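Asks:
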Amino acid sequence: MATGLLHLGLNRGDRVGMWGPNLYEWIVCQFATALAGMILVNINPSYQSEELKFALGKVGIKALISPACFKKSNYYLSMVDVIPDLAVKAEGKGDVSADYFPKFRHLIIIDRNDDNKSYRYE
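Written out as C-alpha cells, the structure reads:
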C-alpha cells in the first residue's frame with residue numbers, strides 16, 4: 014500500500030484522507046502512510062457533502078481513500094456532489110482535478126471501482 018501511494022506521485026509529508034467507517038483497510042492505510050512518511054487525515058464518516066467540502070478545503074489532502082458506500086451512506090455520491098467532474102468518464106484513470114481543491118489529485122475506492130476517475134484499493 015505504501016509503495017502504491019508513492020507510485021501515485023504522493024510524497025513524504027503529503028496528506029492522505031481516510032473517510033469511512035471502521036474497516037480493516039483503515040489500519041492498513043494508517044501503517045502505509047506512516048511507512049511512506051505521509052500524514053493520514055481521518056475524516057468523520059458521518060460527514061455529508063457540505064461538511065466534506067469544508068474538510069477537504071481546510072486540510073489540503075492530495076488523495077482520499079474511502080468505500081463507495083456503507084449501510085445507508087453513499088460516500089461516492091457525496092464526493093460527486095463536492096467534485097462533479099468525478100461523474101464524467103475520462104481517460105487518465107484515477108487522476109482528479111478540482112478547482113476548489115488544487116492539491117487534491119487521487120480518489121481511491123475500497124470496495125468497488127467502476128469509475129474512470131478513481132483507483133481501486135486492491
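Under this note's numbering, the first residue of the sequence shown is numbered 14, with each subsequent residue one higher.
The beta carbon of each residue, even a glycine, is placed where N, CA and C say it ideally should be.
Here the structure is a predicted model, which is why all the values come from computation and not from measurement.
(1) Assuming Leu48 and Ala15 are in contact, meaning their beta carbons sit under 8 angstroms apart, how far apart are those beta carbons, in whole angstroms?
(2) Name the DSSP bridge partner or partners of Ala32?
(3) Look up Ile40 in the DSSP assignment and say whether it is helix, strand or coil.
(4) Measuring alpha carbon to alpha carbon, tell me which residue in Lys71, Glu63, Leu19 and Gln61 is nearest Val54.
(5) Straight-line CA distance for Tyr88 to Ala68?
(6) Take the Cβ of Gly2 as the centre, count every other Cβ of all protein chains shown within 10 Å, and call the residue buried at 16 or more, exposed below.
(7) Checking the sheet assignment: what are the DSSP bridge partners for Ser86?
(8) If you reduce the DSSP assignment to three classes, tell me which class Ala68 lands in.
(9) Just checking Pro34 against the ligand MN - is the residue's beta carbon closer than 7 angstroms to any of the ligand's heavy atoms?
(10) Sorted by chain position, which residues of the same chain lie with C-beta nearer than 7 angstroms to Cys82's C-beta, five sequence neighbours on each side aside?
(11) What do you reckon, are the CB atoms on Phe117 and Ile74 nearer than 8 angstroms?
(12) Any idea if Gly22 is buried or exposed, counting beta-carbon neighbours within 10 angstroms, 16 or more meaning buried?
Replies: Inspection of the coordinates gives the following:
(1) As a working note, residue 48 is residue 35 in the sequence shown. As a working note, residue 15 is residue 2 in the sequence shown. Between Ala15 and Leu48 the Cβ distance is about 4 angstroms, and since that is below 8 angstroms, they are a contact.
(2) Translated into positions along the sequence shown, residue 32 becomes position 19. First, the residue type needs correcting, since residue 32 is Trp and not Ala in the sequence shown. Ile56.
(3) For the purposes of this step, residue 40 is identified with residue 27 of the sequence shown, where counting begins at 1. Ile40 falls in the helix class under three-state DSSP.
(4) Translated into positions along the sequence shown, residue 54 becomes position 41. Nearest C-alpha to Val54: Lys71.
(5) In the sequence shown, residue 88 corresponds to position 75, counting from 1. In the sequence shown, residue 68 corresponds to position 55, counting from 1. Spanning the two alpha carbons is a distance of roughly 14 angstroms.
(6) Here the chain covers residues 14 to 135 and nothing more, so residue 2 does not appear.
(7) Within the sequence shown, residue 86 is the residue found at index 73, counting from 1. Residue pairing by DSSP places Ser86 opposite Phe83 in a beta bridge.
(8) As a first step, residue 68 must be located in the sequence shown, where it is residue number 55. Helix.
(9) Among the components of this structure there are no ligands whatsoever, and the ligand MN is therefore not found.
(10) For the purposes of this step, residue 82 is taken as the residue at position 69 of the sequence shown. If we look at Cys82 and ignore the five residues flanking it on each side, its Cβ neighbours are Tyr88 and Tyr89.
(11) Looking up residue 117 in the sequence shown gives position 104. Looking up residue 74 in the sequence shown gives position 61. For Phe117 and Ile74, yes; Cβs fall inside 8 angstroms.
(12) If you number the sequence shown from 1, residue 22 lands on position 9. Under this definition Gly22 is an exposed residue.
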